[in-house]
Structures are given as C-alpha cells and as structure tokens.
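Peer 1: This structure is in structure tokens; I'll ask about it shortly.
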Amino acid sequence: MLKDDKAARSLALVASIATLVVSIVGLTLAKTSDQLYFSASWMGSLGSSFTIKLDGMSQLLCLLTAISYPIILIATWRTEYKKAYNFFALMLLTQAGLMGVFTAMDALLFYFFWELALIPVYFLCSQWGGPRRIPVTFKFFIYTFTGSVLMLIGLLYVYSLTPDHSFAIESFYNLKLPTDIQNRLFWLLFIAFAIKMPVFPFHTWQPDTYEQSPIATTMVLSGIMVKMGVFAVIRWVLPVVPEASWSYGDRVSIFAIIGILYASILAIRQNDLKRLIAYSSIAHVGIMVVAVFAENKIGLQGVMMQMFNHGIAILGLWIVVALIKPA
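Using our numbering, the first residue of the sequence shown is number 299, and each one after it goes up by one.
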C-alpha cells in the first residue's frame, strides 16, 4: 500500500526485525513445545485444521528464516527496484510462506504454505531479474509446478488412506501402509521435494535462476528455500513411508553422490560467481541428502546443523558477490 519506495523498504526492514525479535523471545521464553502450538478450525469438512507447532526442527529453521531476512534487506539496502513496494511485499509474503512450511502440522496447510512461499518468487524473478529472466523463470515454473502437482497427488493419496480422512500429521504418521503403496508414495513425494532442493538430475533450473534473479531473491532461494525440500523429506517422507525410504535410500544416495561430484567439478570451472555458488550449493545439498538417507540419529542431527550453517554461510557468500558485482 505504500507507494513511496523508501517507506516500503524501511517498513520491510522493521517487519523483518520484529519477526526476528518475536522468534528469539518465543524460543527463549517457551519452556515446552506445547507453549509454541496453535490450532484452529479451518477446513473441517475436508478434515483439515490450521495447526502449527514449533518443535526442534521448526525452531532451528524458523530462526534461520528470521535471522536471514534482516541480513538480506540490509545487505541489499542500496539496490534500486522499480515499484519497490511490490518487491518488498512479495519478499515478506515469501517469508510468511517459509515460516508456515516449517511449522505446519497439517498436510493441506503445509501444501498451502509451500505454494505461498513459491508463487511470489516467480514474480520476483520475472519482474526484477536479469536479461534472460523470462525463459529462466518459465523453466523454474515448470519444474516447481510439476513438483507441486506430484506432492499434491501424494498428499491426497495418503489422505484417502487415513481411517478418519484427516490431513493431520498424526493421522499420516499412524498409517501402516503396505509396501507397494509406500513405494509409489515415496517417489511421488520425494521427486516433488528433490526438485526444490534440488538433487541431481532435477537441478538444472537452479544455476540459471540464481544467475538471473535479483541478489535479494537469490539469497532467499539459496539461504532458506532449498531447506524446504530437505525439511519436507524428514517431516513428511521418512515417517510416512519408512520401509520405502529404507529400500530406496541407497539409490537416492547414489544420485546425490553423483550430484556432489558433478556439481563440484562444474563449480570449479565456472567464471561467473553466481553460477559458482549455485553449483557449490547443489553439492552441499547432496551431502545433506546422503546424511538424511543414512537414517540414523547422528546423520539427522548433522543435517539440521548443516542446514542452518549452510544458510548463514551462503548469505555471506552472496554479500561478497554483491560487493564485487553489484546488481
């Protein structure tokens, strides 16, 4: 609603700092996870409720999101945007979607927030990106739209199998699905999340998108949004289809290792800083995927730490890129 660019920029920064303060206060003052829980009726006829909760995984990734946004806005403070009020509105809408993805305890709500985080990015890339932004954004749209459709089919399939026809995460976790059904569901859900991470061979959208997106949007994509896919595998794949995850874990890990080697070699050969960081990020995500499908406590703890560390480190890299090669 603010048509003044400076006022819109300032409000976005104030809102991001307020979000960070609330996040830190909530995490430090709450003694139990029950205090960081909210549920309200939403789509009762579909068996869906507006249920959000901050457990251990959510706390870490919501804190990463809250820390990242003030850093991103301050680091790109002097970057000029046409219709800046629209730019910052879309950036904050993406933050809202990310917070929802990390806290949703209802599958339909999770899908809603997933799309809420992704849709503003299409407009950010297509309106404020580089000279090749239109074909690159279209490619990004095709990949993510395909992933979203697969995820929705998978979630609706699981929903249809729940005895009480509920989207609640507890209903999903309590299912004891036959092996053949687990196998089908695993690939529907995993491919959807693998596109977002991304994992080889679903990675080709990432270098182009990082190269053509405005620096602030790229920082959100690389610092936070790639964590959506890793988080979703831990939250919605491993517990729902455990046998299939164990059976196909080695195959997924092989693709991840191929991606680590392939992306690392390409990163070494790059002469564009944005593409170098993009390919190195694919390699880092590959390491996380291998650790996830090791399916042990140490591996999962390491993944959580690596997601947070990678988010902070890559923001620093993008700040260096912005200083060397201003937008």
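Here a beta-carbon is modelled for each residue, glycine too, at the ideal position from N, C-alpha and C.
Here the structure is a predicted model, which is why all the values come from computation and not from measurement.
1. Which residue or residues does DSSP assign as beta-bridge partners of ILE350?
2. Taking the alpha carbon of ASP478 as the point to measure from, which residue in LYS437, GLN504, PRO540 has its own alpha carbon closest?
3. Secondary structure at ALA466, three-state DSSP: helix, strand or coil?
4. Hey, would you say ILE350 sits closer than 7 angstroms to ALA402, going by beta carbons?
5. Would MET517 be called buried (16 or more neighbouring beta carbons within 10 Å of its own) or exposed?
6. Counting C-beta neighbours from all protein chains within 10 Å, is the total for ILE370 16 or more, i.e. buried, or is it exposed?
7. In the DSSP assignment, what are the bridge partners of MET341?
8. In the DSSP assignment, find the alpha helix (DSSP H) that holds ARG567 and state where it starts and stops.
9. Taking only three categories from DSSP, how would you classify HIS608?
10. Assuming the contact rule is C-beta atoms closer than 8 angstroms, ASP353 and LYS437 should be a hit. Round their C-beta distance to whole Å, please.
11. Which residue wins for smallest C-alpha separation from LEU358, given the options LEU390, SER321, TYR379?
12. Helix, strand or coil for LYS380? Go by DSSP, reduced to three states.
13. If you draw a straight line from the C-alpha of ASP303 to the C-alpha of ILE617, how long is it?
14. Which whole runs of the beta strand (DSSP E) in the region 457-515 are 3 residues long or more, in chain order?
15. In three-state terms, what does DSSP make of PRO418?
16. Please report the Cβ distance between PHE385 and LEU422, rounded to the nearest whole angstrom; I am assuming they are in contact, meaning their Cβ atoms lie under 8 angstroms.
17. Could you have a look at MET299 and say whether DSSP puts it in helix, strand or coil?
18. Under 8 angstroms by Cβ, that's how I've got GLN504 and ILE580 pegged, so tell me the actual separation to the nearest angstrom.
19. Residues in the same chain with beta-carbon distance under 8 angstroms from TYR577, minus the five sequence neighbours each way, listed in chain order, please.
20. Look at PHE470 and VAL399 and say whether their C-beta atoms are less than 7 angstroms apart.
21. Does DSSP put PHE438 in a helix, in a strand, or in coil?
22. Here's the rule I'm using: 16 or more other beta-carbon atoms within 10 Å means buried, otherwise exposed. How should GLY614 be labelled?
23. Mind checking whether MET586 and GLN599 have CB atoms under 7 angstroms apart?
24. Kindly list the residues whose CB is nearer than 6 angstroms to the CB of LEU391, restricted to its own chain and excluding five residues on each side of it in sequence; keep chain order.
25. Please report the straight-line C-alpha distance between TYR379 and TRP426, rounded to a whole angstrom.
26. Using C-beta distances below 6 angstroms, list every residue in its chain close to TRP412, excluding the 5 sequence neighbours before and after it, in chain order.
27. Given ILE522, which residues of its chain have a CB within under 7 angstroms of its CB, disregarding the five upstream and five downstream residues?
28. Under 8 angstroms: do the region 460-476 and the region 428-437 share three or more Cβ pairs, one atom per stretch?
29. Below 6 angstroms CB to CB, which residues in the same chain sit around PHE336 once its five sequence neighbours on both sides are set aside?
30. Assuming PHE638 is part of the alpha helix (DSSP H), what are its boundary residues?
31. My output table needs one value for LEU536: the three-state DSSP class, helix, strand or coil.
Peer 2: Taking the definition as stated:
1. DSSP lists PHE336, ALA402 as partners of ILE350.
2. Here the closest residue by C-alpha is PRO540.
3. Strand at ALA466.
4. Cβ distance < 7 angstroms, so ILE350 and ALA402 count as in contact.
5. Burial of MET517 is indicated by the presence of at least 16 other C-beta atoms within 10 angstroms of its C-beta.
6. ILE370 should be labelled buried.
7. MET341 pairs with SER346.
8. 540-567 is the span of the alpha helix (DSSP H), which, as asked, contains ARG567.
9. Looking at HIS608 - three-state DSSP - the assignment turns out to be helix.
10. Contact flag wrong, Cβ pair sits at about 35 angstroms.
11. Selected option, being the one with the closest Cα: SER321.
12. Of the three classes helix, strand and coil, the one that applies to LYS380 here is coil, per DSSP.
13. Cα-Cα distance, rounded: 22 angstroms.
14. If you keep only unbroken beta strand (DSSP E) runs of at least 3 residues inside the region 457-515, you get nothing at all.
15. Helix.
16. Contact holds; Cβ gap of about 7 angstroms.
17. The DSSP-derived three-state label of MET299 is coil.
18. Cβ atoms of GLN504 and ILE580 come within 8 angstroms of each other, at about 6 angstroms.
19. Correct list, in chain order: PRO505, ALA561, SER562, LEU564, ALA565, GLN568.
20. Their beta carbons are not under 7 angstroms apart, which means PHE470 does not touch VAL399 by this criterion.
21. PHE438 sits in a helix when the DSSP states are folded into three classes.
22. Burial call: exposed.
23. In this structure, GLN599 does not lie closer than 7 angstroms to MET586 by Cβ.
24. Taking C-beta separations shorter than 6 angstroms and ignoring five residues to either side along the sequence, the partners of LEU391 in its chain run PRO418, following chain order.
25. Approximately 7 angstroms, taken between the alpha carbons.
26. VAL399, listed in sequence order.
27. Within the same chain, ILE522 has close Cβ partners LEU362, THR363, SER366, LEU396, GLY609.
28. Output reads no: the region 428-437 does not touch the region 460-476.
29. A distance below 6 angstroms between beta-carbons, with the five flanking residues on each side excluded, links PHE336 to the following residues of its chain, in chain order: ILE350.
30. This structure cannot speak to residue 638, because the chain is shown only from 299 to 625.
31. Under the three-state reduction of DSSP output, LEU536 falls in the coil class, being neither helix nor strand.
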